[in-house]
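Participant: First the structure, then my questions, so here it is.
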Amino acid sequence: MSAKPQWVTITSANLHCWECKGKLEKYLVVENKSNYGSGIIKWTINLIRGEIKLYYLPDRITANDIKTILNNAGFDADKELAEPDSYKKLPSICKRAEDGGGQKKGSPPCHIEPQ
């Protein structure tokens, strides 16, 4: 009998705009299919809170595996900082606030889907 799917919520200090969301989702799709037997069933991203909520099969992937995927994509996962080389490759808007990332003063909100 397979394990019952579970939800995990992970916060990220550098997940706050549509560009960040797109980059992370592309990475998740590739990693999920190639390395984890599609253990992640679905996810939702809350850009205002900087959270990703994932529904996954714990017999195929663990919450720690998911955090590692986020880190390898360049994103922080709870208290675990992103993998440095991947983080450096992110656009400046997708960086942590202390590194100059996020929405700039006078620019439209980056958490609202562009038209």
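Convert by adding 34 to the 1-based position in the sequence shown; the result is the number in the numbering used here. All C-beta atoms in this analysis are idealised placements derived from N, C-alpha and C, irrespective of residue type, glycine included.
(1) By Cβ distance, which residues of its chain are closer than 6 Å to ILE74, with the 5 residues on each side in sequence left out?
(2) Report the option in TYR61, ASP133, GLU132 and LYS113 whose CA atom is closest to the CA atom of ILE103.
(3) Just to check my reading of the structure: SER36 and ALA111 have Cβ atoms closer than 8 Å, yes? What is that Cβ distance to the nearest angstrom?
(4) Does the Cβ of LYS123 have 16 or more other Cβ atoms within 10 Å, making it buried, or fewer, making it exposed?
(5) From THR96 to GLN40, what distance separates their C-alpha atoms?
Facilitator: Let me spell this out:
(1) Along the sequence shown, one-based indexing puts residue 74 at 40. Within the same chain, ILE74 has close Cβ partners ASN66, LEU88 and TYR90.
(2) Along the sequence shown, one-based indexing puts residue 103 at 69. Checked all of TYR61, ASP133, GLU132 and LYS113; the closest Cα to ILE103 is TYR61.
(3) To locate residue 36, count along the sequence shown from 1; it is residue 2. To locate residue 111, count along the sequence shown from 1; it is residue 77. With 8 Å as the limit, SER36 and ALA111 do not qualify as a contact, their Cβ atoms being about 25 Å apart.
(4) Numbered from its first residue, the sequence shown carries residue 123 at position 89. Exposed, because fewer than 16 other Cβ atoms sit within 10 Å of the Cβ of LYS123.
(5) Taking the first residue of the sequence shown as 1, we reach residue 96 at position 62. Taking the first residue of the sequence shown as 1, we reach residue 40 at position 6. Answer to the nearest angstrom: the Cα atoms are 10 Å apart.
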